[in-house]
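**Q** Residue numbers (my numbering): 879 to 967.
Where a beta carbon is used, it is the ideal one built from N, C-alpha and C, also for glycine.
Quantities reported herein were computed from a predicted structural model and do not represent experimental measurements.
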Ligand code: SF4
Ligand code: SF4
């Protein structure tokens with residue numbers, strides 16, 4: 879099964895309180911913006927020198943926290959009962 883087909887099977891219960899926060903003030907000084915191409919769920923989108931972030935489809939992989947060298951990301955898991963539920967691995 880292709881990865882795109884597997885991702886379509888992922889179930890989310892979106893926490894209205896974002897579990898990831900981005901200090902967007904740091905983003906203009908980060909021209910490569912690795913979060914925009916490392917996030918498998920495409921939660922980060924570049925808008926000029928700013929970054930737009932939506933946590934809705936987050937797969938909780940932690941990649942954005944690892945690649946954000948300026949430390950602009952505050953990362954926690956969603957609150958209990960919320961977040962991603964994987965099916966078929
Ligand atoms: S990697 Fe971090 S600092 Fe760079 S654009 Fe993304 S969120 Fe902003
Ligand atoms: S934890 Fe993974 S899926 Fe969620 S926003 Fe970060 S890189 Fe994207």
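1) Which residues in the same chain as residue 879 place their Cβ atom closer than 7 Å to its Cβ, once the five residues preceding and following it in sequence are excluded?
2) For a test of your reading of the model: does the CB of residue 918 fall under 7 Å from any non-hydrogen atom of ligand 1? Yes or no.
3) Quick check: is any heavy atom of ligand 2 less than 7 Å from the C-beta of residue 905?
4) How many angstroms separate the CA atom of residue 941 from the CA atom of residue 922?
5) Using a threshold of 7 Å, is the CB atom of residue 880 nearer than that to any non-hydrogen atom of ligand 1?
6) Flag this pair as touching only if the stretch 884–897 and the stretch 923–930 have three or more C-beta atom pairs under 8 Å; answer yes or no.
**A** Once the coordinates are examined:
1) none
2) Checking the Cβ of residue 918 against ligand 1 gives no.
3) no
4) 12 Å
5) no
6) no
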